[in-house]
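Take a look at the structure set out below.
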Amino acid sequence: MSTISETDVKTRMRALDLIKENFKRLLDELDKSGKLHLVFPKRTLSNTIYDQKSKILLLGPDIQYRSFTDINEAKKFTQTILMASIIYKALRNNEYPTIRDLFYRGKHTISYTSIDGKKVSENSWDDQRESDSVIRDLEVFLNILREDLLILSKEKGKVVGNLIIKSGDDTIDLSKMGHGAYAIEPTPDLIDFIDVDAEYVLVVEKDAVFQQLHRYGFWKKNKVVLVTSAGQPDRATRRFVRRLSEEFKLPVYILCDSDPYGFYIYSVFKAGSITLSYESERLATPTAKFIGVTLTDIFGTEIFKEILRDPQIKNTLEEIAKDVLKLKSKEPYLSIEERRNFVIKAKLRDIERAVELVGYRVAEACIGSPEYRSKIKRKEGVSGYPWFLTPEWIRELCIFFYTTSKLEIEAITGKGLRFLADIYIPRKIENEDWID
Amino acid sequence: MGAVLMSAISEEKYMSISPAEFFYKYREVAGFANPVKAFYQVVKELIDNALDATDMHGILPDVKISIEKADEVQEYYKITVEDNGIGIPPDVVPYAFGKVLFSSKYVMKQSRGMYGLGVKMVVLYAQMTTGRPVEVITSRENYRMIYYFKLRIDINKNEPVIIERGAWRKTRDWHGTVVSVTIEGDWGRAKQRILEYLSRTSIITPYANITLITPENEIIHYSRVTNAMPKPPRESKPHPRGIDLEMFKTLINNNGNGEEPVEEFLTSNFQSIGPSTARAILNLAKIDPYKKLHELTESEIQRLFNIIKSYDKYKPPSATSLSPLGREVLEAGLKRIFEPEFLYAVTRSPRSYEGNPFIVEAAISYGGNTPMSPQEQPIILRYANRVPLIYDESTDVVTQVVKEDVNWESYMISFPAPLAIVVHICSTKIPFKGVGKESIADIPEIRREVKLAIMEVTRELKRYLVKKVKEKEVMRRVEILAKYIPEVARSLAIILGDNSSKNRIEAALTRKLIEYVSRRSNVSVEIVNSIVKSVKIGV
Ligand SMILES: Nc1ncnc2c1ncn2[C@@H]1O[C@H](COP(=O)(O)OP(=O)(O)OP(=O)(O)O)[C@@H](O)[C@H]1O
Ligand SMILES: [Mg+2]
């Protein structure tokens, strides 16, 4: 009996055929039409569409022609084909390279003597961003995901809960991981879910908070599948969460820092990312909800009413999202004293990131600090991501700009782990106090 | 008080001096300001005369110059210039060399000389510094004798003094002139300028053999690189626009017995006046065409002159009295000295100013051995009637055009650049700023032509530069593609082949891609292949 799982063998054969087929077609086209180019959907911000109906980011209709004779594209063309050959070789040799491996395998010098006799030399690629980018191009060109090309990535995501799965040839009970957790494998589509007993999925951004909740027995007590992405979520974690949501209809709640980075992590889970929009359909969880921490959890909604007393701010915000005045009001979870202790001042980088989310106009209207106001001037014209231009998010970010405050989730545990596990999360879910 | 005044007023002394005395005293106006400049001027005057005696008469010049130390102690130098020109009749020799303002070049015809002064200044300078006389040996083509003279100038009388003369039979078929003078001068400091003058002369007379033997016995030789020589100029009658009242009266008074009818006088003494133009003019002046010259009253002459000057329908002056070099000769001269990467010359059509015909020629030399220019402008090589102008560059009209009228950047030229511009102006009357004949005055008509000529050659250079840039760009593009061919072929061969077919597929693909790139870029398969072959893929 082979030591390699049967699923892997099948995946491998399929991938080899697919690559060979596509590149054979490339050469046939050269013979037929005299053109040597790769044709695939354009992977750029301008060709990324937010689909209002399915609430996910999708690739638009633009097609890219990467031609060998276009001097601006020749190098990328070469890199793409080089990468294909490296992946092809790895598949044939029964290997499981990571994207970093692929970077190193393809990195070499190309030198030549120019017509006027000069020796010129360059690298096939200089840093991993370049090779990663052509891997993504290959995914859309071949219309296959890298996991199915048996390319692995570092495992970051972890999970515990009442969940039994089959991975490879083994069955694993995720409620029996001790103080540890199951590391979500890079190929989550090769996992079989055997049994699930849970009310909802809670994804926490921070690994440390995950561990605290885990040890506190939070998931046992509340029947939760507890997941952490440990920062920016990787593809496997997102796919894993998506499968739980889709296959068991479990609600998914996301718990992040109260800052623009936390908000964006949530949006990646929910709608997809701009660089990987071609995979949103498989990776995004459109039903995911942002449970916290919101700025209204910190400050309540009174402050927003105060802000709106300025008619100019009111008008601007209403123009962008007209229901912004009709939002429900609520009390803060933190006292004034606690706020003073836990809240920290937002940095310029946070402010700029927030401008990217909701656009320059909201920032300009709401921002309190004159220092930051002048500094974000150069972001003028940025109009924000459509999925953040909702009344709820505009309120959040308006308070953020106004107070220039942010809060790390660890701070809430400073108020007591018990507060987080027994009061904050359950109450928020019970009151449906989330942003959708 | 009256007495004091009286004694302050001294007697004025009135006297007249001869032209020889005048130029002897004020030699700096003729370019003999100091021992260095004077040395240069001596060589230049003699060579200019030698060349005038040859190429202006259709003879390919052979000019030999020798400069030798003529005294053990003193800085005396004997300068001898020999040419194969037309020679000088023996009865003329004393005046040509011994009477200031005696010349064969006072006619309406382009030549290097124009004042009848050059060689006399040389003789005067020799007289003044070493006291030694000039020696002349000369013979014309059909003469059976060779004539020899040794003479000096009587400065007060402006007359030649013959010290020695002789004649002997020609034993071989020789014509030409040999002139020797001995001067005191500063060879050490004059040398560079004289060499510069020779090299500049060789550019404009590539059809000449010029040899110089220096006091150090160095031989500097410019040998003839082309037999093409411009057609010699023909003497022409004055154009009515160029005449002044005095000249006009002289022409009338010197016209035989004055029996000639005024109409005939006009048609036979001026260019651009035919019978109908003459009638028109006389009509306007209300003078009977058949009136005889000597019957014209003073006021009629004045009136006729005024009408002639204001009449505006003349044909422009004829250019047969000019002898431009032409493209071929100009280019040959520059090619020899600079071996430029790009070379272009142009001869403009004749134009005129104040009734004097002139032609501007320009040439441009770029790259190759063309020296680097100064910071803000190209190297300017100025010529007037084939004489190189070396001094007073900054006040010359050509320099002004180069600096003020041409926008070099718009021609893709930024300085310093290996760029030289030659401008040659030929005319029956070059408007020099002084007797030194070094810089040309800013005459609007001339300035305009100089500008157009420079722009014309520069435009041609720009065209060349643009083409070069384009070709370079094509090559750059080809390189960008060609260098990736091996990588692409190798990678595709890995995917499409197996162990046994891989190499074959790679070779076939390489060939195919080379052809593909060659086809798309219009660059030959060989060139693409040469880059592909040089590619090394490291690990
Ligand atoms: N080498 C020569 N061969 C033939 N004729 C000569 C030669 N040198 C001088 N002459 C004659 O002598 C004349 C006087 O020469 P000179 O150099 O004094 O004046 P120029 O050449 O006429 O004018 P410029 O003062 O401008 O030089 C010339 O016009 C020419 O007729
Ligand atoms: Mg002369």
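Chains as they are written, first to last, in the numbering used here: chain A, 1 to 436; chain B, 1 to 539.
All C-beta atoms, glycine included, are put in the ideal place defined by N, C-alpha and C.
With respect to D62 (chain B), N209 (chain B) sits close: the two C-beta atoms are nearer than 8 Å. Neighbourhood of K20 (chain A) in chain B, by CB distance below 8 Å: I495 and L496, in chain order. When the beta-carbon positions are compared, D310 (chain A) and I409 (chain A) stay at least 8 Å from each other. In the DSSP assignment, M145 (chain B) is bridged to B:R169.
DSSP places T182 (chain B) in the uninterrupted beta strand (DSSP E) bounded by G176 to E184. Bounds of the beta strand (DSSP E) holding D51 (chain A) are T48 to D51. Judged by DSSP in its simplified three-state form, Y104 (chain A) adopts helix. Taking 7 Å as the upper bound on Cβ-Cβ separation, chain B lies near residues S85, Y88 and K89 of the stretch 85 to 102 of chain A. When Cβ-Cβ separations below 8 Å define contact, K483 (chain B) makes contact with chain A.
For E45 (chain B), the distance from the CB to the nearest heavy atom of ligand 2 is below 7 Å.
Ranked by Cα distance from W393 (chain A), the first of A:I172, A:D170 and A:E356 is A:E356. Residue state for T201 (chain B) is assigned as helix, using DSSP reduced to three classes. The closest heavy atom of ligand 1 lies 7 Å or more from the beta carbon of I359 (chain B). In chain A, no part has a C-beta under 8 Å from the C-beta of R511 (chain B); the shortest such distance is about 13 Å. For L82 (chain A), the nearest beta carbon of chain B is closer than 8 Å to its own beta carbon. Annotation: P94 (chain B) to I163 (chain B) spans about 10 Å, alpha carbon to alpha carbon. Listed in chain order, the alpha helix (DSSP H) elements of length 4 or more contained wholly in the stretch 229 to 317 of chain B are 245 to 253, 262 to 269, 275 to 285 and 298 to 310.
Along the stretch 471 to 497 of chain B, the alpha helix (DSSP H) occurs as fully enclosed runs of 4 or more residues at 485 to 496, listed in sequence order.
Between I390 (chain B) and R200 (chain B) a beta carbon distance of about 7 Å is seen, short of the 8 Å cut, so the two are scored as contacting. Residues of the stretch 426 to 457 of chain B with a C-beta less than 9 Å from any C-beta of chain A: none at all. If you draw a 10 Å sphere on the C-beta of V123 (chain B), you find 16 or more other C-beta atoms in it, and that means buried. DSSP places S229 (chain A) outside both helix and strand once states are collapsed to three, so it counts as coil. Among the residues facing chain B, Y104 (chain A) is not included, as its CB has no counterpart in that chain under 8 Å away.
Buried is the label assigned to A346 (chain A), since at least 16 other Cβ atoms lie within 10 Å of its Cβ. Of all residues in the stretch 69 to 80 of chain A, only T69, I71, A74, K75, F77 and T78 place a beta-carbon less than 8 Å from a beta-carbon of chain B. For a Cβ distance threshold of 7 Å, nothing in chain A lies close to E341 (chain B): the least Cβ distance comes to about 14 Å.
Neighbourhood of K536 (chain B) in chain A, by CB distance below 7 Å: S111, in chain order. If you check the C-beta of N385 (chain B) against ligand 1, you find no heavy atom less than 7 Å away.
Under the Cβ criterion (8 Å, minimum of three pairs), the stretch 109 to 127 of chain B does not count as touching the stretch 66 to 78 of chain B.
Scanning its chain for C-beta atoms nearer than 8 Å, with the 5 sequence neighbours on each side dropped, one finds around Y24 (chain B) the residues L124, M128 and I155, in chain order. Here the stretch 322 to 334 of chain B lies against the stretch 347 to 367 of chain B, with 3 or more beta-carbon pairs under 8 Å apart. V517 (chain B) has a beta carbon lying within less than 8 Å of a beta carbon in chain A. For I421 (chain B), the three-state secondary structure derived from DSSP is strand. Closer than 7 Å to some heavy atom of ligand 1: that describes the Cβ of N49 (chain B). Less than 8 Å separates the beta-carbon of A74 (chain A) from that of L481 (chain B). In terms of Cβ geometry, S133 (chain A) and P186 (chain A) do not form a close pair [threshold 8 Å].
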